[in-house]
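One line per chain: the protein sequences are A and E, in this order.
Read in order, the letters of the first sequence are residues 1 to 364 in the working numbering.
Read in order, the letters of the second sequence are residues 1 to 897 in the working numbering.
The C-beta atom is built at its ideal place from N, Cα and C for all residues, glycine as well.
In this text the structure is predicted, and so the values were computed from the model without any measurement.
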Amino acid sequence: MHKYLRIIVGAGLLLCSCREIYEPELPVQPSILVVDGLITNEQREHTVNLTRAVKFDTTANIPETKATVYVQDNKGNIFYFTEKWPGKYVSDKTTFKPVVGYKYTLVIKTQNGKFYKTDEQELLPPGNLSDINPTPKKVPFYLMVDNKMRVLDINGAEFSASFNVSKSNNPYYRFSNTLIAEFYSKVEDSVNFCFRKYESDVNFMLSDIQVGSAGTFQQKLGFLPVENTFYGITDHFTTSPDGDVYTLRELFHYYITIRQFHLNKTTFDMYRSMNQQLSATQKMFDPVTAQLKGNIKCVTDPKELVLGLFEVSSVYTKTFIIDQRGINNVFTLWPIRPIDMDTIPSEGFNYDVPPRYWIYDTYN
Amino acid sequence: MCYFFRFFVFFVILSFNLTLKAQIREQDSTLYAPVDSIITKVEKHYQINIFYDREWFEGKEMLTNVVNLPLPELLGIISKMAELSVLKYDDTYYIFVPQTAVTNNSLADSLQFYQVGDILNYGSSEKAVVRGTVTNGISTDKIVGARVFVPGINKTFTTDHNGKYAMNIPVGEHEIRVNSPGFEEKVMKLKVNSDGNLDIELFVKSIMLDEVAVTSAKVNQYFRRTKMSVMNLDAKTIKQLPSVFGETDIIKGISLLPGIQTTGEFGAGFNVRGGGTDQNLILLEEVPVFSTSHLFGLISVINPDGVADVTLYKGGLPAMYGERASSILSIKMGEEDLKRTQVKGGIGLLNSRVSLEVPLKDKGKIIVGGRTSYSNWMLHQIPDEDLMNSSAGFNDFNAYFTYNVSKKNTITLYGYASNDRFNLSGITDYKYGNMLGSLNLSHRFNSKLYSNILFGASYYHAGMSENDSLQPAHSYKTQNSILYRSLKWNFVYKLNENHILTFGTNAFLYRIEPGELKPYQEKSLVQPVTVQTENGLEWAVFLGDDYKMNDDIGIEFGLRYSGFTSLGQKTVYSYAPDKPKTSTTIIDSVVYGRNKAIKTWTGFEPRLLFRFNLNAASSLRLSYNRNLQYINLISKTSVTAPTDLWKLSDTYIKPLQSDQVALGYFRNLKASRYETSVELYYKAYNNLIDYKNDADIFLNNHIETELVPARGKSYGMEVFLKKNTGKLTGWISYTLSQSERRTISAKLPEQVNGNRWYPDNLHRPHNLTINGGYYFNRRWKFGFIFTYNTGRPTSLPELKYQLRNRQIVYYSDRNIFKMPDYHRLDLSISRFESLRINKRWKGYWTFSLINVYARKNAYSIYYQRDRNPDSFDGRSNLYKLYIIGRPLPTFTYNFIF
């Protein structure tokens, strides 16, 4: 009887739901313009990326080149963007610093003579991010170890921030977090200054404040790994074929930058919709996914579909160095001058002298 | 070779035997005819309908000239050929049933009246001695210990070791009840004139014979009914259907009927003729149950034990029913004739059930039942970390009590409670459950006027919590609920046999707590959020008139006038009229006090049903009905989820209105062994709720800003063929249908697909079900179900692009693609044990194989970045999610004692 029971149980286990790749025939779509623009209250190069959407099952990326791009404010000022790389248009950081309270409109004229325009958006005042709290946690990650993909539990911290909201404020925030791991590696007598950047989540972190509520809010900012293994900083010696001896992880430091963007409602809703799509697993009771149409319109042909987002938001930035020398892996954060980590590449190194992005020697 | 030779010899002998029989038959062909054809001639000759099982007369013939005999004599001859009894329902309907199935008083009244003693001696003495022997009617064995009960004098006499009895009772008329363990009780009427003999035969009752008798009765009922778009499944039919995990499931069984669909293996509820799951009013003893499934849709909340009758109205609704736009599913408990205390139950892989049924001296009964699951062990075996740390389970309990207080008054009480719990990874916890009850008082004023007062209440609650020990600051819990209270006072007035009036009034009170977010514990920093409570009062008055003009023409007219008032306490926002409704276009708000009327909606709901019998076996039906619905389920999921919210009509949400016209042709074939029907329907919806593309409905105090009004239409053809009797029984149903909707807002952000008609989520043009059972013999039954549906409409990603360093996809217009078609074959084999009633314990095993040919039916199509560690390159793919991708065996044991 026991044997039969095992057979039945084993058969019952086959119920596990599964998935397989599905490849339907998709119709050919016309060329759709995608606008990816962001201007903030910062004095920096603001960027508008123009591309063309591609068919879902293809991999090509088509930049929209030779377009005329400018931002116009409600005072009649116009700020032109120049094409720095194919499809990437940047503002002049010396002349264009958006002003809180002004309203901005993006205007684009493409090579084929079509005009595109957004509605006016007001640059709202920046938020007031106060405390950042790290809570130690272990999270499993897929990592390449010895040329094999393995699941490893990585130490790190779940970060949260607190900020105050008054009832009349009605704020819509999004947050970003970025972690930089810096470390030295020595090759014989020379020193490599290495860095790696990590952003925690594929989703956009949006505040979940309800309209009309007031008080101090705690905002989840996502998990950031704070462990050498995760960034490939291994503590070992090795010898290259030509006899050089490498010593890795002589020294390492971790920094995080938290940015708080104050958005208007339309932009906030757009991010929320993107999140719905990005986080959807489409499993048992997930919401049905919806179209994201963006906030840009074609003036020449109002029926033309335009995708993407032009965002006007103010930003408040805080940067900390993570001190992980505490007991039981308790992290302590020490504030330092804000660092714009958007300008730092995802990883890199430099021989003998620290690279331009090197933080430790510059700020400590 | 040896086997081949034996087969050859057998074949030759068989052929010879058949040839010989054929020659003999040829000679007698003019004198004899099969009983079946004789019955057909009798039906024509006497203009009557006779219902029976052909198998009873297989291979039996009789003289053709018997047709000329008087009808009672003729029926008597035929019935004796197969040891049958004849039941006469009126002048035109006769039913053959096994003698052992004829047991109740009314039948005894009409069929069995015995004279004891010499009538000339009647009155010569006050008492007389009646003697006799009680024997087994088939084996003629004497029955020892049989009891002969005479209710009139409240005395019981018992047979001795020779099966003999003797009773000294007053002369005159008596009813006696004779029974013995393992035999069918026999009820007889005696006229005792003087001392005399009365031998009595009792018959062993088998399960199978009982079912055949029930089937015969149903055939008659089906043919005679005046309704259309109404499906009735007796509990025994449903219990024979295989289902996932071996649990008999009434809701899943309903979905095998024409015009009914479900979303597949998972997801609660069902859809009727293009209507959403919230458009079905599912009544348990006349009180609605708001969530119909356990384990997220795997199992229905209705315990099949104790269910006596299930009726589904897809259209042509009587005026006494309203509240929902698409259908009424009425589930009645405990109407089976209960003769003794019995325990029923079942043991399955995931859950077990048990119920106790107790008769109350012919005046009523009590039924108490419950189910509980033990599904955790299976989850813990699945090699998935999340599921290994998860748990899922449910339990439910139901109690039913009915009692005839007097000849004119009956009281019925019913209660039901269920609880579901699902914990994912020890962090996320779902809990939901139903609780409902009813008190029904029936009163008969006289032979023409009846009334029924029903007090009912139903409460549904659902909650979710998240409590990660590593994240106490973010732990939270949410809760929503709906409380429904009802008062129905209905009357039936029988003007005459052909003219019946129904009238009455209903009132329903709703209280909905749409949602509440709270910190889960002290360390939690989550800010509490509460969405405004909704209150509302729905009421209706109705009048129905069922008029039979003559034998062939009948009309049923009904008018229902209903209304709904949204009640305070509530804050109602006003929006800029020229802008889409959003939280930023609010221009004013009004606070309404407790129970203050906010908005009232009223409307007429006319009903009409026309019946025309074309001949004795076929008829036409035409119906029209308008229904108003004042409550909607708010859900953005592709299938109904237990945490979906209910929403009452209010200032911005108008009542949903459906208008349906249906035309049906019904024909019974081969003396009602086959039922066929074709129904055409067209249904139009006004004020459907649709959702903006990026609607956020979670804990939203301005839910109207996320909803947009829409119109809908659904039309189709339903074909149904059912075989009622014989070794092979079952049905084929096919539905060809179209369901579409379109938004009607002039404001662009409130438009879906540019206000063009688009396929509804329920649009599945082709739907085929073949359901059958084959009895090899009395012990073994083979069952099968094949279902085919066109794939559900869906939206698919057409384009992709980069935005903020993320890959975003652009989905097509809503529902312009369709999923792969759905089809599945399920098989089952059942073995019935202990067929004889003298074995008190009866049981049967059922082994089912779900999804025999391992079809991977799509539950959903979704887009996801490829997180497969072997190809960790961030590629995106479309995936088909399926629930049961392999043959799934299930096993259950059901018992009764």
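(1) When Cβ atoms are compared, which residues of the stretch 115 to 143 of chain A fall closer than 9 Å to chain E?
(2) Among residues of its own chain, excluding the 5 on either side of Y674/E, which ones have a beta-carbon nearer than 8 Å to its beta-carbon?
(3) Whole angstroms is fine: what's the gap from Y254/A's alpha carbon to V28/A's?
(4) Run through chain A and tell me which residues come within less than 7 Å of P898/E, C-beta to C-beta.
(5) Can you pull the chain A residues whose beta carbon is under 8 Å from the beta carbon of L669/E, in chain order?
(6) Classify V42/E as helix, strand or coil using the three-state DSSP reduction.
(7) How long is the line joining the alpha carbons of Y630/E and M270/A, rounded to whole angstroms?
(8) Would you kindly work out how many angstroms separate the C-alpha atoms of K148/A and Y142/A, rounded to a whole number?
(9) Express the C-alpha separation of F230/A and K138/A in angstroms, rounding to a whole number.
(10) At what residues does the beta strand (DSSP E) containing M149/A begin and finish?
(11) Using the Cα positions of I251/E and S733/E, report the straight-line distance between them to the nearest angstrom.
(12) So with CB distances below 9 Å, who are the chain E contacts of L292/A?
(13) According to the neighbour-count rule (16 or more other Cβ atoms, all chains shown, within 10 Å of its Cβ), is F564/E buried or exposed?
(14) Kindly indicate which residue of E740/E, F401/E, G306/E and L796/E has the alpha-carbon position closest to the one of E25/A.
(15) Once DSSP output is grouped into helix, strand and coil, what is the label at Q279/E?
(16) Pick out whichever of L38/A, Y22/A and P30/A has its Cα sitting closest to the Cα of N295/A.
(17) Our contact map puts N440/E next to N452/E with C-beta atoms below 8 Å; I'd like the distance itself, whole angstroms only.
(18) As a quick exercise: from F195/A, A161/A and K93/A, pick the residue whose alpha carbon is nearest that of M341/A.
(19) Measuring only the C-alpha atoms, how far is Y681/E from M231/E?
(20) Per DSSP, what kind of secondary structure is F776/E in: helix, strand or coil?
(21) Whether or not the stretch 34 to 50 of chain A and the stretch 310 to 320 of chain A are in contact is what I'm after, with contact meaning three or more pairs of Cβ atoms, one per stretch, closer than 8 Å; do they touch?
(22) Looking at A319/E: is its Cβ nearer than 8 Å to the Cβ of Q279/E?
(23) Excluding the 5 residues flanking N505/E on each side, which residues of the same chain have their C-beta closer than 6 Å to its C-beta?
(24) Kindly give me the distance between the Cβ atoms of V492/E and T502/E, rounded to whole angstroms, as I take these residues to be in contact under 8 Å.
(25) Can you name the residues of chain E whose CB is closer than 8 Å to the CB of L50/A?
(26) Is the CB of T846/E under 8 Å away from at least one CB in chain A?
(27) Rounded to the nearest angstrom, what separates P887/E and G515/E at their Cα positions?
(28) Could you have a look at T266/A and say whether DSSP puts it in helix, strand or coil?
(29) Are the C-beta of R44/A and some C-beta of chain E separated by less than 8 Å?
(30) If you count every other CB in all the chains shown that lies within 10 Å of the CB of S574/E, and 16 or more means buried, which is it?
(31) What's the gap between the Cα of L881/E and the Cα of L298/E?
(32) 8 Å is my cut-off, CB to CB: does F422/E come that close to chain A?
(33) Starting from K880/E, find everything on chain A with Cβ-Cβ shorter than 7 Å and list it in chain order.
(34) What are the start and end residues of each continuous beta strand (DSSP E) run of 3 or more residues lying completely inside the stretch 150 to 197 of chain E, in chain order?
(35) Within 8 Å of any Cβ in chain E, is that where the Cβ of F217/A sits?
(36) Buried or exposed: where does A161/A fall if 16 or more other Cβ atoms within 10 Å of its Cβ makes it buried?
In brief:
(1) N133, T135, P136, K137, K138, P140 and Y142
(2) Counting from one through the second sequence, the residue named residue 674/E turns up at place 674. Correct list, in chain order: N668, L721, K722, K723 and N724.
(3) Within the first sequence, the letter at position 254 stands for residue 254/A. Within the first sequence, the letter at position 28 stands for residue 28/A. Answer to the nearest angstrom: the Cα atoms are 47 Å apart.
(4) The requested residue 898/E is not part of the displayed model; chain E covers only 1 to 897.
(5) Stepping through the second sequence from its first residue, residue 669/E is reached at position 669. Correct list: empty, because the minimum Cβ distance to chain A is about 41 Å.
(6) As a first step, residue 42/E is located in the second sequence; it is residue number 42 there, counting from the start. Note: V42/E maps to helix in three-state DSSP.
(7) Mapped onto the second sequence, residue 630/E falls at position 630. Mapped onto the first sequence, residue 270/A falls at position 270. Their backbone Cα atoms lie some 32 Å apart in a straight line.
(8) Here residue 148/A refers to the residue found at position 148 of the first sequence. Here residue 142/A refers to the residue found at position 142 of the first sequence. Spanning the two alpha carbons is a distance of roughly 10 Å.
(9) Numbered from 1 along the first sequence, position 138 holds the residue referred to as residue 138/A. Numbered from 1 along the first sequence, position 230 holds the residue referred to as residue 230/A. Each residue's Cα considered, the two are about 12 Å apart.
(10) In the first sequence, residue 149/A corresponds to position 149, counting from 1. That run of the beta strand (DSSP E) goes K148 to V165.
(11) Here the question's residue 251/E lines up with position 251 in the second sequence. Here the question's residue 733/E lines up with position 733 in the second sequence. Each residue's Cα considered, the two are about 17 Å apart.
(12) As a first step, residue 292/A is located in the first sequence; it is residue number 292 there, counting from the start. Here the neighbours are N693, D694, L803, I808, V809, Y810 and Y811.
(13) In the second sequence, counting from the first residue as 1, residue 564/E sits at position 564. F564/E comes out buried.
(14) Within the first sequence, residue 25/A is the residue found at index 25, counting from 1. E25/A has its Cα closest to that of L796/E, out of E740/E, F401/E, G306/E and L796/E.
(15) Taking the second sequence and counting its residues from 1, one reaches residue 279/E at position 279. It is helical.
(16) One-based indexing of the first sequence puts residue 295/A at position 295. That would be L38/A, whose Cα lies nearest to the Cα of N295/A.
(17) Along the second sequence, one-based indexing puts residue 440/E at 440. Along the second sequence, one-based indexing puts residue 452/E at 452. Yes, N440/E and N452/E are in contact; Cβ-Cβ is about 7 Å, under 8 Å.
(18) Indexing the first sequence from 1 puts residue 341/A at position 341. With distances taken between Cα atoms, M341/A lies closest to F195/A.
(19) Residue mapping note: residue 681/E aligns to position 681 of the second sequence, counting from 1. Residue mapping note: residue 231/E aligns to position 231 of the second sequence, counting from 1. If you take the alpha carbons of Y681/E and M231/E, they lie about 15 Å apart.
(20) As a first step, residue 776/E is located in the second sequence; it is residue number 776 there, counting from the start. Coil at F776/E, not helix or strand.
(21) yes
(22) Position 319 of the second sequence, counted from the start, is the residue given in the question as residue 319/E. Position 279 of the second sequence, counted from the start, is the residue given in the question as residue 279/E. Taking 8 Å as the Cβ cut-off, A319/E and Q279/E do not qualify as a contacting pair.
(23) Counted from its first residue, the second sequence places residue 505/E at position 505. Note that residue 505/E is Thr in the sequence shown here, rather than Asn. Once the five neighbours on either side are set aside, the close Cβ partners of T505/E are W489 and V541.
(24) In the second sequence, residue 492/E corresponds to position 492, counting from 1. In the second sequence, residue 502/E corresponds to position 502, counting from 1. The Cβ separation is near 5 Å, so the contact holds.
(25) Stepping through the first sequence from its first residue, residue 50/A is reached at position 50. Going along chain E, no residue has its Cβ under 8 Å from L50/A, so there is no contact; the nearest lies around 11 Å.
(26) Position 846 of the second sequence, counting from 1, holds the residue named residue 846/E. So, not an interface residue.
(27) Position 887 of the second sequence, counted from the start, is the residue given in the question as residue 887/E. Position 515 of the second sequence, counted from the start, is the residue given in the question as residue 515/E. C-alpha separation (whole angstroms): 40 Å.
(28) By one-based count along the first sequence, residue 266/A stands at place 266. In the structure shown, T266/A sits in a helix (DSSP, three-state: H, G or I).
(29) The residue labelled residue 44/A in the question sits at position 44 within the first sequence. So no, R44/A is outside the interface.
(30) Walking along the second sequence from the start, residue 574/E turns up at place 574. Answer is exposed; the Cβ neighbour count stays below 16.
(31) Within the second sequence, numbered from 1, the residue matching residue 881/E stands at position 881. Within the second sequence, numbered from 1, the residue matching residue 298/E stands at position 298. Cα to Cα, the separation comes out at about 16 Å.
(32) Residue numbering aside, residue 422/E sits at position 422 when the second sequence is read from its first letter. False, the Cβ-Cβ gap to chain A never drops below 8 Å.
(33) Indexing the second sequence from 1 puts residue 880/E at position 880. Those within 7 Å of K880/E in chain A are R19, E20 and Y22.
(34) 155 to 158, 164 to 170, 172 to 179 and 186 to 192
(35) As a first step, residue 217/A is located in the first sequence; it is residue number 217 there, counting from the start. At least one chain E Cβ lies under 8 Å of F217/A.
(36) Residue numbering aside, residue 161/A sits at position 161 when the first sequence is read from its first letter. So A161/A counts as buried.
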